[in-house]
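Some notes on the structure that comes next.
Numbering (my numbering), first residue to last: 186 to 609.
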């Protein structure tokens with residue numbers, strides 16, 4: 186019966202069936218052919234997969250990101266970034282990275298980061314004679330910071346799956362997120378000189394002070410959300426609600442960029458996006474339950490531990506598995522399917538579960554801008570009106586840089602564990 190499950194799933198992926206449907210149909214076929222459990226197990230397990238209070242944080246973080254991305258926040262963050270780094274050669278590249286780091290602390294989503302920052306900066310970069318493949322690849326890679334710097338929706342999901350502290354996971358992603366930004370800046374520094382990219386016009390002191398105070402308020406959202414969770418004042422779900430209230434305050438009352446009449450549209454977009462996420466969570470849950478009931482994780486663990494006795498070699502194998510999975514699966518189902526299989530083996534080998542969470546998110550983050558799926562890369566290509574295959578040359582330096590970050594996060598645990606340990 187395991188063959189039915191896996192073959193049907195792979196066949197539907199090849200036929201470009203949406204991931205959520207592929208998971209659900211494969212699970213239904215297994216139940217139908219096995220006759221081991223009634224069909225009612227499917228809705229029961231799907232409901233159990235989404236019946237979680239911490240999961241409520243996801244739609245609230247999505248809604249907060251929606252409000253801020255349409256409420257003039259991204260424009261202000263870009264201007265603030267321009268004051269800080271625009272004067273360097275290739276200034277728009279640095280602005281792109283720094284703005285993504287700021288926006289990451291608001292949205293928790295790589296796709297939201299790419300669409301909000303990319304829709305403004307990709308056309309600007311192309312207009313100033315930046316290569317299209319460079320502009321698209323940089324924006325797509327920088328958007329991955331959105332799932333590392335807290336708050337991070339994938340970290341919430343990992344915390345639920347592994348029953349780990351979401352606050353600790355948020356902190357574990359902060360330094361890797363900054364590390365990604367630093368590596369991207371290093372690559373941009375080299376390419377800016379190679380392509381002789383322009384600097385951005387300098388601001389006067391008066392303009393800089395105004396832009397700083399106008400743009401610092403959105404950045405405080407990170408302090409409010411993360412501070413409340415780390416200090417134990419609020420749960421992650423309550424922090425997400427606070428993020429929505431703060432986004433509403435800034436966009437509707439302070440900046441007056443959004444009208445009350447605009448909120449129903451933003452709510453509908455949030456419901457649609459959350460519906461897709463929850464459907465993937467639900468179908469991936471029943472698929473994962475079947476995988477577990479077939480004792481596939483146990484067989485994999487026995488096999489791997491019999492041939493690999495070194496923790497570092499095991500982590501290398503896990504990285505390869507997750508990188509391949511990230512290239513063909515969306516992030517949410519990939520986490521639900523692979524974490525219950527790989528995480529127990531990693532912990533058996535002595536890997537801290539918080540550290541492993543950072544490894545998983547960095548791995549699957551790379552998948553977000555890697556063909557053939559590459560959801561974030563697809564968004565950026567759509568903005569630039571180019572085909573994925575036309576950006577491969579510009580994509581390679583950033584892909585290599587991200588692999589270097591992954592290696593550091595994997596083999597230097599302190600990068601992800603130092604901050605959570607300091608604040609305990």
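C-beta atoms are modelled at their ideal positions from N, C-alpha and C, and glycine is treated no differently.
Given a length threshold of 4 residues, each whole run of the alpha helix (DSSP H) inside the stretch 348–435 is given here in chain order: 351–379, 390–415 and 421–433. Distance from the CA of residue 242 to the CA of residue 422, rounded to the nearest whole angstrom, comes to 4 Å. Within the stretch 279–329, complete alpha helix (DSSP H) segments of at least 4 residues are found at 295–312 and 317–328, given in chain order. Inter-residue distance for residue 384 and residue 278 is about 10 Å (C-alpha atoms, whole angstroms).
Put simply, the stretch 358–376 does not touch the stretch 395–406. Fewer than three CB pairs are less than 8 Å apart. Minimum Cα-Cα distance from residue 457 among the listed residues 317, 189 and 247 corresponds to 247. For residue 459, the uninterrupted alpha helix (DSSP H) run begins and ends at 448–478, by DSSP. Look at residue 223 here: in three-state DSSP terms it is coil, with no helix or strand label. Exclusion of the five residues before and after residue 251 leaves 451, 454 and 455 as the residues of its chain whose Cβ lies within less than 7 Å of its Cβ. Exclusion of the five residues before and after residue 499 leaves 493 and 534 as the residues of its chain whose Cβ lies within less than 6 Å of its Cβ. For residue 517, the uninterrupted alpha helix (DSSP H) run begins and ends at 516–533, by DSSP. Excluding sequence positions up to five before and after residue 318, its CB lies within less than 8 Å of the CB of 571, 575, 576, 577, 578, 579 and 580, all in the same chain and listed in chain order. The stretch 332–345 makes contact with the stretch 403–420; the number of CB pairs closer than 8 Å reaches 3 or more. Sequence-distant Cβ neighbours of residue 595 in its own chain, meaning closer than 7 Å and more than five residues away, are 500, 504 and 544. Between residue 353 and residue 328, the gap from beta carbon to beta carbon reaches 9 Å or more. Under a 10 Å Cβ-count criterion, residue 601 is classified as buried, with 16 or more other Cβ atoms of the shown protein chains found around its own Cβ.
Sixteen is the threshold: when 16 or more other Cβ atoms of the shown chains lie within 10 Å of the Cβ of residue 427, as they do, the residue is buried.
Setting aside the 5 residues that flank it on each side, residue 374 has no residue in the same chain whose C-beta is closer than 6 Å to its C-beta.
In terms of Cα proximity to residue 552, the closest of 508, 484 and 281 is 508. CA-CA distance, residue 605 to residue 349, rounds to 12 Å. Looking from the CA of residue 516, the closest CA among 537, 480, 539 and 463 belongs to 463. Note on residue 230: 16 or more other CB atoms within 10 angstroms of its CB, so buried under the neighbour-count rule. Boundaries of the alpha helix (DSSP H) around residue 197: 187–199.
The shortest C-alpha to C-alpha distance from residue 586 to any of 311, 301, 470 and 323 is the one to 323. The beta-carbon distance between residue 520 and residue 342, rounded to whole angstroms, is 6 Å. This is short enough to meet the 8 Å contact definition. When the Cα atoms are used, residue 512 and residue 541 turn out to be separated by approximately 19 Å. The stretch 562–571 makes contact with the stretch 302–312; the number of CB pairs closer than 8 Å reaches 3 or more.
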